[in-house]
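Keeping their order, the protein sequence lines are chains A and B. So for the first sequence, my numbering puts the first residue at 1; every next one is plus one. So for the second sequence, my numbering puts the first residue at 1001; every next one is plus one. A short worksheet on the structure shown next.
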Amino acid sequence: AQSVTQPDIHITVSEGASLELRCNYSYGATPYLFWYVQSPGQGLQLLLKYFSGDTLVQGIKGFEAEFKRSQSSFNLRKPSVHWSDAAEYFCAVEEDDKIIFGKGTRLHILP
Amino acid sequence: DVKVTQSSRYLVKRTGEKVFLECVQDMDHENMFWYRQDPGLGLRLIYFSYDVKMKEKGDIPEGYSVSREKKERFSLILESTSTNQTSMYLCASSFGQGSGDTEAFFGQGTRLTVV
């Protein structure tokens, strides 16, 4: 069965600094991969998704992610974070229509 | 805009009560999901439905059942609640894999407290 690992439970960065959130998956075939964000008290919002093609995908709010098959990774990046990016971020993988989530990474922003 | 609507935002129930959590989507999605979200555990899949009257167990189905009598509606049933079912419950829906786009859309969640 597929699984998703987000090794960092909490990450703290300064406003304006760059960000990388890690995600590793286990799945035999080419996966469908997603990053979602959940702001405090809000529902989950899709940031970006990878189905096929270009391994660098662009999303909303200035986020991007790179699919690396050799490393089974789909890391999320942003060149310069804003205080409003403080939230919880979830990586997810889809197999046979079932969507499985990682445990999430909570992002804290220092002023 | 896709809309996934959960019937309640907050519920408080006593141990042993039966609870129905309702979810409705308006995008004609084939797939519907129920997750529970707990701090440090992320979203865990309880049940998944890929068509009317069709369902599959997720990772944590114990203590739960589901019903999907109509395509737009997916209900989560807690037959006899226990305190360890206190959690945030999230409903989601998506198109089937044949559509080439399986992004899940989420409701706002139901925070259930069992006392």
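Ideal Cβ placement from N, Cα and C applies to all residues, glycine included.
Whole-number beta carbon distance between residue j and residue i, since they are thought to touch under 8 Å
i	j	result
VAL1019 (chain B)	CYS1091 (chain B)	Incorrect: roughly 14 Å between the Cβ atoms, too far for contact.
CB contact check: residue i to chain A, cutoff 8 Å
i	result
GLU1103 (chain B)	yes
PHE1074 (chain B)	no
Candidates the options, of which the one nearest residue i by Cα
i	options	result
SER84 (chain A)	A:VAL4, A:HIS10, A:ASN75, A:GLY62	A:GLY62
THR1102 (chain B)	A:ASP8, A:ASP96, A:LYS78	A:ASP96
GLU88 (chain A)	A:ILE9, A:SER3, A:GLU66, A:VAL81	A:ILE9
ARG77 (chain A)	A:GLN2, A:TYR27, A:VAL37, A:VAL4	A:VAL37
GLU965 (chain B)	B:GLY1063, B:LEU1043, B:SER1093	The requested residue 965 (chain B) is not part of the displayed model; chain B covers only 1001 to 1115.
PRO111 (chain A)	A:ALA86, A:THR5, A:PHE34	A:ALA86
Amino acids of chain A, ordered along the chain, whose beta-carbon sits closer than 9 Å to that of residue i
i	result
LEU1045 (chain B)	LYS98, ILE99, ILE100, PHE101
GLY1096 (chain B)	ASP97
Below-8 Å beta-carbon distance, residue i vs any chain B residue
i	result
TYR27 (chain A)	no
LEU44 (chain A)	yes
GLY114 (chain A)	There is simply no residue 114 (chain A) to check, as chain A begins at 1 and stops at 111 in what is shown.
PHE90 (chain A)	yes
GLU94 (chain A)	yes
Beta-carbon gap between residue i and residue j smaller than 8 Å
i	j	result
SER1049 (chain B)	MET1032 (chain B)	yes
LYS1057 (chain B)	ARG1068 (chain B)	no
PHE74 (chain A)	TYR25 (chain A)	yes
SER1087 (chain B)	ALA1104 (chain B)	no
GLN2 (chain A)	ILE100 (chain A)	yes
ILE1046 (chain B)	LEU1076 (chain B)	yes
LEU21 (chain A)	PHE1106 (chain B)	no
THR1083 (chain B)	LYS1013 (chain B)	no
Chain-ordered neighbours of residue i on chain B, where CB pairs are closer than 7 Å
i	result
TYR32 (chain A)	THR1102
Closer than 8 Å at the beta carbon, the chain C residues around residue i
i	result
LEU1041 (chain B)	Although the question refers to chain C, the structure presented lacks it and instead comprises the protein chains A and B.
Neighbour list for residue i in chain A, Cβ cutoff strictly below 7 Å
i	result
TYR1010 (chain B)	Correct list: empty, because the minimum Cβ distance to chain A is about 12 Å.
Residues that residue i contacts on chain B, provided the C-beta gap is smaller than 9 Å
i	result
LYS49 (chain A)	ASP1101, THR1102, GLU1103
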